[in-house]
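Some notes on the structure that comes next.
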Amino acid sequence: MAGPNNLFFLFFYCLVIEMAKSARGKLMFFRKIFNSLYFKVLQAKIFNNFANQARNSTLHGFGRTGLTR
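Note that the sequence shown covers residues 348 to 416 in the numbering used here.
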């Protein structure tokens with residue numbers, strides 16, 4: 348059943364494939380994906396850094412793992 352949603356999806360899929368065919372479109376496409384992934388990893392690293400700093404300051408040097416209270 349080819350409803351309007353399926354037709355739109357097919358058009359979008361063809362558009363993405365045509366973008367990925369050309370070199371510049373492929374570069375932009377993968378750079379977009381890479382930037383979003385890298386930003387998520389960077390956010391996680393910053394968050395872990397803040398969490399470690401807060402945990403170390405509350406533990407007063409009782410070990411970095413946080414298992415010993």
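Glycine included, every Cβ here is placed at the ideal spot set by N, Cα and C.
Contact belief for residue i with residue j at Cβ below 8 angstroms, rounded distance in angstroms
i           : j           : result
residue 336 : residue 367 : With the chain covering only 348 through 416, there is no way to say anything about residue 336.
Sequence-distant residues of its chain with Cβ nearer than 8 angstroms to residue i (five each side left out)
i           : result
residue 373 : 366 and 367
Sequence-distant residues of the same chain with beta carbon closer than 6 angstroms to residue i, five excluded per side
i           : result
residue 400 : none
Buried or exposed by the 16-neighbour rule on C-beta atoms within 10 Å, applied to residue i
i           : result
residue 416 : Any reading at residue 416 needs caution, since the residue's pLDDT is 48, under 50, leaving its predicted position unreliable; the model's value is listed next. Flag for residue 416 reads exposed.
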